[in-house]
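Enquirer: Starting off with a structure, shown below.
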Amino acid sequence: MRDPRYDILFEPMQIGPVTAKNRFYQVPHCNGGGYRDPSAAAAMRGTKAEGGWGVIFTEQCEMHHSSEIAPFIELRLWEDKDIPMLRKMSEKMKEYGALAGIQLAYSGVNGPNLYSKEVPLAVSAQPIRTFTNDPVQARALDKSDIRDLRRWFVNAAKRSKNAGFDLICLYGAHGFGIFQHFLSRATNHRTDEYGGSLENRARFVNEVVADIRDAVGDTMGLTLRVSLDETIGELGFSNAEVREFVEMNRNLPDLWDLAQGTWEDCSGPSRFKEEAAQHALVKGIHELTDKPIVGVGRFTSPDVMAKMVKTGTLDFIGCARPSIADPFLPKKIEEGRVEDIRECIGCNICITGDMTMSISRCTQNPTFMEEWRKGWHPERMNTKGDSSNVLVVGSGPAGLEAARALAERGYDVALAEATRQLGGRVARERQLPGLSAWGRVADYREYQLSQKANVETYFDSELDASSILEFGFENVCIATGAKWRRDGVARQHVVPFPTSEAMPIFTPDDLMDGAAPSGHVVIYDDDHYYMGGVMAELLIQKGCRVTLVTPAAYVSEWTLNTLEQHEIHRRLAQMGVVIELNRGVTAIAADHAVTNCMFTEQLREIECDAVLLVSAKLENNAVFNDLKSREAEWADAGIKSVKLIGDANAPGPIAWATYAGHRYARELDTADIGDALPFRREIAELAID
Numbered sequence: 001m002r003d004p005r006y007d008i009l010f011e012p013m014q015i016g017p018v019t020a021k022n023r024f025y026q027v028p029h030c031n032g033g034g035y036r037d038p039s040a041a042a043a044m045r046g047t048k049a050e051g052g053w054g055v056i057f058t059e060q061c062e063m064h065h066s067s068e069i070a071p072f073i074e075l076r077l078w079e080d081k082d083i084p085m086l087r088k089m090s091e092k093m094k095e096y097g098a099l100a101g102i103q104l105a106y107s108g109v110n111g112p113n114l115y116s117k118e119v120p121l122a123v124s125a126q127p128i129r130t131f132t133n134d135p136v137q138a139r140a141l142d143k144s145d146i147r148d149l150r151r152w153f154v155n156a157a158k159r160s161k162n163a164g165f166d167l168i169c170l171y172g173a174h175g176f177g178i179f180q181h182f183l184s185r186a187t188n189h190r191t192d193e194y195g196g197s198l199e200n201r202a203r204f205v206n207e208v209v210a211d212i213r214d215a216v217g218d219t220m221g222l223t224l225r226v227s228l229d230e231t232i233g234e235l236g237f238s239n240a241e242v243r244e245f246v247e248m249n250r251n252l253p254d255l256w257d258l259a260q261g262t263w264e265d266c267s268g269p270s271r272f273k274e275e276a277a278q279h280a281l282v283k284g285i286h287e288l289t290d291k292p293i294v295g296v297g298r299f300t301s302p303d304v305m306a307k308m309v310k311t312g313t314l315d316f317i318g319c320a321r322p323s324i325a326d327p328f329l330p331k332k333i334e335e336g337r338v339e340d341i342r343e344c345i346g347c348n349i350c351i352t353g354d355m356t357m358s359i360s361r362c363t364q365n366p367t368f369m370e371e372w373r374k375g376w377h378p379e380r381m382n383t384k385g386d387s388s389n390v391l392v393v394g395s396g397p398a399g400l401e402a403a404r405a406l407a408e409r410g411y412d413v414a415l416a417e418a419t420r421q422l423g424g425r426v427a428r429e430r431q432l433p434g435l436s437a438w439g440r441v442a443d444y445r446e447y448q449l450s451q452k453a454n455v456e457t458y459f460d461s462e463l464d465a466s467s468i469l470e471f472g473f474e475n476v477c478i479a480t481g482a483k484w485r486r487d488g489v490a491r492q493h494v495v496p497f498p499t500s501e502a503m504p505i506f507t508p509d510d511l512m513d514g515a516a517p518s519g520h521v522v523i524y525d526d527d528h529y530y531m532g533g534v535m536a537e538l539l540i541q542k543g544c545r546v547t548l549v550t551p552a553a554y555v556s557e558w559t560l561n562t563l564e565q566h567e568i569h570r571r572l573a574q575m576g577v578v579i580e581l582n583r584g585v586t587a588i589a590a591d592h593a594v595t596n597c598m599f600t601e602q603l604r605e606i607e608c609d610a611v612l613l614v615s616a617k618l619e620n621n622a623v624f625n626d627l628k629s630r631e632a633e634w635a636d637a638g639i640k641s642v643k644l645i646g647d648a649n650a651p652g653p654i655a656w657a658t659y660a661g662h663r664y665a666r667e668l669d670t671a672d673i674g675d676a677l678p679f680r681r682e683i684a685e686l687a688i689d
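Quick note: the sequence shown uses the UniProt record's numbering, first residue 1, plus one each step.
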């Protein structure tokens with residue numbers, strides 16, 4: 001039974017000539033699939049339709065070959081041949097009554113055209129702005145180019161209609177879309193009727209909206225995605241000017257889609273952004289327009305969602321990451337199952353799929369982008385196999401997900417945990433600065449297990465191979481995690497480097513166990529994800545002086561893929577952390593660390609009182625190895641299978657662990673596929689010469 005406080009979220013809402021069945025609006029978001037994996041992307045969107053979303057959008061769709069962002073993999077609508085791929089997606093979106101939307105993008109100054117080899121076209125002549133600083137410049141659109149661009153948008157709109165979409169989103173946010181480039185003085189340096197005053201800078205978007213309305217406006221809703229604030233002061237499209245623009249063009253689109261300036265600002269991780277973080281920027285804009293508004297803010301709480309609508313701040317609740325973490329979020333609210341929502345933890349692992357040009361993952365939802373590839377459904381497991389029970393050893397993210405999913409399949413599950421707390425690394429890391437939301441990984445699974453009569457949890461149960469052989473379980477899943485190395489072995493060093501016993505040396509595990517270094521601490525970060533920066537924050541909070549040394553060109557370099565690297569560096573610098581980039585550590589003496597330049601090998605000593613090594617991890621696989629060495633005893637013990645999963649098998653991010661746990665549960669008692677590919681993929685059609 002739905003809580004009546006949330007009834008307002010299920011009211012139908014009109015968007016131009018079409019009507020959304022509720023206020024749950026999946027805004028455009030990347031997925032790493034795009035034109036390469038269209039069936040996988042279509043099935044992912046279709047799952048959200050089944051989950052109750054009222055509006056579902058594609059990711060960025062390049063609408064013309066003269067502006068593309070290779071190597072990044074988005075959708076393409078360059079010619080009629082692209083329509084069948086997109087029609088498959090729209091049909092999946094609409095299968096359960098959602099409106100299907102397509103986001104049309106012309107990247108302008110963000111499009112290097114590395115694939116098409118076309119000369120990039122931009123509002124003004126400028127160097128291309130990309131994540132990879134491509135050494136390419138764009139030439140300014142002339143009047144003929146602008147006429148062509150208007151026509152290309154109309155062509156794309158007609159193709160979108162033919163492909164079955166109900167809504168078109170014109171992309172002008174995050175610095176990526178041509179409409180923002182016209183509106184912002186940072187990218188619009190024109191002196192003709194398309195530059196200068198706000199009225200002139202808004203001319204192009206008014207022309208395109210009018211053109212598309214003439215072409216398809218009686219059948220399709222038209223939305224405009226604009227940035228709330230470019231956050232670069234008066235030079236850019238500021239929040240004050242956004243409000244002036246909306247008031248000046250109050251009825252321009254059928255819906256205003258409002259997102260913060262840069263992608264980093266808009267999709268900031270939970271480490272730096274709270275839920276509804278954009279509220280101040282969007283508040284009051286509704287008074288300037290007669291059209292509905294959708295906004296984002298990593299909404300996971302139905303109370304916050306309802307408040308956004310009841311206060312007149314938003315008409316639609318825009319979600320990207322929360323819709324990935326739980327595609328069935330609307331249905332769970334509607335059915336009164338709020339406690340069953342898999343809340344987004346704001347880790348931004350989903351974004352890394354786009355940034356690394358690979359299939360996206362989700363820490364909370366291991367079925368994301370596997371709906372078509374592996375046939376995984378986020379709410380339904382495959383039927384149970386021939387065996388009856390499973391012993392899961394270890395309750396970290398891999399073990400918890402394995403236990404949860406196995407129980408869903410119908411197995412009797414015993415979960416053995418060596419400590420008094422579930423969660424493994426998540427239970428420890430959630431206590432670190434900025435990572436409290438990551439605890440939702442454990443909270444969700446702990447609650448789900450508590451509702452299962454076929455799961456028994458045993459604490460203080462550090463099992464050895466002999467105990468496991470005595471228990472009589474048919475299947476044994478070892479998920480005993482990993483620990484941080486204390487010898488410096490990682491990427492720079494494949495063997496331990498010299499260390500002095502006189503120097504206190506710590507690992508992240510030591511600090512999470514309560515160790516308290518003092519004085520000046522050198523952090524050697526050869527891990528390059530979040531831990532080095534988090535450890536630096538923790539030590540500063542404890543009163544230490546900190547120097548962070550990394551062989552990489554950036555602090556926490558891999559977080560470039562999670563859109564937080566800039567904020568990590570800025571925060572550490574503001575806290576007083578001394579940052580040494582492109583330097584490694586070659587030795588640790590009694591009172592100093594010896595560092596080396598990664599290019600010249602020039603050595604330099606840094607005096608310190610302690611060293612914290614953030615390097616590689618060692619798998620806790622001793623129990624598994626012992627069991628494997630006694631495989632001859634399995635049959636007599638009734639054991640059919642023993643499997644090592646998660647960090648105990650190969651350490652990685654938490655999303656890798658939950659995926660491993662889920663995969664184990666899915667594949668238990670299934671047929672051996674031999675050398676066959678374990679997922680489906682699409683093969684490019686060969687053109688006829």
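Each residue gets a CB set at the ideal place from its N, CA and C atoms; glycine is no exception.
Pick helix, strand or coil for S90, following the three-state DSSP scheme.
Expert: Here residue 90 refers to the residue found at position 90 when the sequence shown is read from its first residue. Of the three classes helix, strand and coil, the one that applies to S90 here is helix, per DSSP.
Enquirer: Let me check one thing: in DSSP terms, what residues is H592 bridge-paired to?
Expert: Position 592 of the sequence shown, counting from 1, holds the residue named residue 592. Beta-bridge pairing links H592 to E607.
Enquirer: Have a look at the DSSP bridge pairing and note the partners of W263.
Expert: Position 263 of the sequence shown, counted from the first residue, corresponds to residue 263. In DSSP, W263 forms no bridge with anything.
Enquirer: Nearest by alpha-carbon distance to W634: which of D443, K332, R151, V476 is it?
Expert: Walking along the sequence shown from the start, residue 634 turns up at place 634. Considering only alpha carbons, the answer is V476.
Enquirer: Please classify N348: is it buried, with 16 or more other beta-carbons within 10 angstroms of its beta-carbon, or exposed?
Expert: Along the sequence shown, read from residue 1 onward, the residue named residue 348 stands at position 348. Buried, since its Cβ has 16 or more Cβ neighbours within 10 Å.
Enquirer: Spatial neighbours of E264 within its chain, please: C-beta separation below 8 Å, excluding the five flanking residues on both sides.
Expert: Along the sequence shown, one-based indexing puts residue 264 at 264. So the qualifying residues of the chain are L563, E564, H566, E567.
Enquirer: With 16 other CB atoms within 10 Å as the buried threshold, where does Q602 fall?
Expert: As a working mapping, residue 602 is identified with position 602 in the sequence shown. So Q602 counts as exposed.
Enquirer: For S93, which residues from the same chain have a beta carbon less than 7 Å from its beta carbon, with the 5 sequence-adjacent residues on both sides left out?
Expert: Numbered from its first residue, the sequence shown carries residue 93 at position 93. Per the sequence shown, the amino acid found at residue 93 is Met instead of Ser. Excluding residues within five positions, the ones whose Cβ falls inside 7 Å are R45, G46, A49, I56, A100.
Enquirer: Nearest-angstrom Cα distance between S116 and L400?
Expert: The residue given as residue 116 occupies position 116 in the sequence shown. The residue given as residue 400 occupies position 400 in the sequence shown. The alpha-carbon atoms of S116 and L400 are separated by roughly 46 Å.
Enquirer: What residues are listed by DSSP as bridge partners for G172?
Expert: Taking the first residue of the sequence shown as position 1, residue 172 is located at position 172. Looking at the DSSP assignment, G172 forms a beta bridge with V226.
Enquirer: Take R373 as the anchor and find which of A657, G33, Y96 has the nearest alpha-carbon.
Expert: Taking the first residue of the sequence shown as position 1, residue 373 is located at position 373. Of A657, G33, Y96, the residue nearest in Cα terms is G33.
Enquirer: Taking C-beta to C-beta, are I523 and V546 nearer than 8 Å?
Expert: For the purposes of this step, residue 523 is taken as the residue at position 523 of the sequence shown. For the purposes of this step, residue 546 is taken as the residue at position 546 of the sequence shown. Contact: yes.
Enquirer: Whose CA, out of G336, A43, S358, P366, lies closest to the CA of C344?
Expert: For this step, residue 344 is matched to residue 344 along the sequence shown. Looking at the Cα atoms, P366 is the closest of the given residues.
Enquirer: Could you check the C-alpha separation between S124 and S184 for me, to the nearest Å?
Expert: Residue numbering aside, residue 124 sits at position 124 when the sequence shown is read from its first letter. Residue numbering aside, residue 184 sits at position 184 when the sequence shown is read from its first letter. Approximately 11 Å between the Cα atoms of the pair.
Enquirer: Excluding sequence positions up to five away, which residues of its chain have a Cβ less than 7 Å from the Cβ of L618?
Expert: In the sequence shown, residue 618 corresponds to position 618, counting from 1. Same-chain partners within the cutoff: A482, K483, R485.
Enquirer: With 16 other CB atoms within 10 Å as the buried threshold, where does K81 fall?
Expert: Indexing the sequence shown from 1 puts residue 81 at position 81. Looking at its Cβ environment, which holds fewer than 16 other Cβ atoms inside 10 Å, K81 is exposed.
Enquirer: What first and last residue would you give for the alpha helix (DSSP H) that runs through Y664?
Expert: The count along the sequence shown starts at 1 and reaches residue 664 at position 664. Unbroken alpha helix (DSSP H) run through Y664: 654-667.
Enquirer: For the alpha helix (DSSP H) holding R208, just list the boundary residues, first then last.
Expert: Taking the first residue of the sequence shown as position 1, residue 208 is located at position 208. The identity of residue 208 in the sequence shown is Val, whereas the question assumes Arg. From DSSP, the alpha helix (DSSP H) with V208 extends over 203-216.
Enquirer: Please list the terminal residues of the continuous beta strand (DSSP E) segment that includes A100.
Expert: As a working mapping, residue 100 is identified with position 100 in the sequence shown. Looking at the DSSP string, the run of the beta strand (DSSP E) that includes A100 is 99-105.
Enquirer: Cβ of I588 within 8 Å of Cβ of T507?
Expert: Counting from 1 along the sequence shown, the entry for residue 588 is found at position 588. Counting from 1 along the sequence shown, the entry for residue 507 is found at position 507. Contact flag unset, no.
Enquirer: So for T356, helix, strand or coil by DSSP?
Expert: What you label residue 356 is simply residue 356 of the sequence shown in a count that begins at 1. It is coil, neither helix nor strand.
Enquirer: Identify which residue in T130, P378, Q364 has its Cα closest to the Cα of T262.
Expert: Mapped onto the sequence shown, residue 262 falls at position 262. For T262, the nearest C-alpha among the options comes from T130.
Enquirer: Would you check if there are 3 or more beta carbon pairs closer than 8 Å linking the region 237-251 to the region 142-158?
Expert: Flag = no, the region 237-251 and the region 142-158 do not touch.
Enquirer: Within this structure, are the beta carbons of G221 and V18 separated by less than 8 Å?
Expert: Residue 221 sits at position 221 when you count from the first residue of the sequence shown. Residue 18 sits at position 18 when you count from the first residue of the sequence shown. Contact: yes.
Enquirer: Mind listing, in chain order, the continuous alpha helix (DSSP H) runs of no fewer than 4 residues lying wholly within the region 294-367?
Expert: Those alpha helix (DSSP H) runs which fall completely within the region 294-367 and span 4+ residues are 302-310, 321-325, 329-334, 349-355.
Enquirer: Alpha carbon to alpha carbon, how far is S39 from M357? Give it in angstroms, no decimals.
Expert: On the sequence shown, residue 357 is found 357 positions in, with the first residue counted as 1. On the sequence shown, residue 39 is found 39 positions in, with the first residue counted as 1. About 17 Å.
Enquirer: Looking only at C-alpha atoms, which of F72, R23, G439, G353 sits nearest to N110?
Expert: Taking the sequence shown and counting its residues from 1, one reaches residue 110 at position 110. Out of F72, R23, G439, G353, F72 has the C-alpha closest to the C-alpha of N110.
Enquirer: For Y659, which residues from the same chain have a beta carbon less than 7 Å from its beta carbon, with the 5 sequence-adjacent residues on both sides left out?
Expert: Reading the sequence shown from its first residue, position 659 is the one you call residue 659. Result list for Y659: R361, P366, in chain order.
Enquirer: Rounding to the nearest angstrom, what Cα-Cα distance links A156 and M89 in this structure?
Expert: As a first step, residue 156 must be located in the sequence shown, where it is residue number 156. As a first step, residue 89 must be located in the sequence shown, where it is residue number 89. About 16 Å.
Enquirer: Closer than 6 Å by C-beta to A637: which residues in its own chain qualify, once you throw out the five before and the five after it? Chain order, please.
Expert: Numbered from its first residue, the sequence shown carries residue 637 at position 637. Once the five neighbours on either side are set aside, the close Cβ partners of A637 are L469.
Enquirer: If we ignore side chains and look at the alpha-carbon of each, how far apart do R342 and R440 end up?
Expert: Counting from one through the sequence shown, the residue named residue 342 turns up at place 342. Counting from one through the sequence shown, the residue named residue 440 turns up at place 440. Approximately 8 Å between the Cα atoms of the pair.
Enquirer: Taking the Cβ atom as the reference point for each residue, do Y426 and A442 lie within a distance shorter than 8 Å?
Expert: Locating residue 426 in the sequence shown gives position 426, counting from the first residue. Locating residue 442 in the sequence shown gives position 442, counting from the first residue. In the sequence under discussion, the amino acid at residue 426 is Val, which differs from the Tyr named in the question. Yes; because the gap between Cβ atoms is below 8 Å, this pair is in contact.
Enquirer: D303: buried (16+ other C-beta within 10 angstroms of its C-beta) or exposed?
Expert: Counted from its first residue, the sequence shown places residue 303 at position 303. Counting Cβ neighbours within 10 Å, D303 comes out exposed, since fewer than 16 surround it.
Enquirer: Quick one: is A622 buried, meaning 16 or more other Cβ sit within 10 Å of its Cβ, or exposed?
Expert: As a position in the sequence shown, residue 622 is number 622, starting the count at 1. Classification for A622: exposed.
Enquirer: Mapping DSSP to helix, strand and coil, what is I146?
Expert: Taking the sequence shown and counting its residues from 1, one reaches residue 146 at position 146. Here I146 sits in helix by DSSP.
Enquirer: Could I get the ranges of all uninterrupted alpha helix (DSSP H) runs contained in the region 371-443, with 4 residues as the minimum, in chain order?
Expert: 397-409, 425-429, all fully within the region 371-443.
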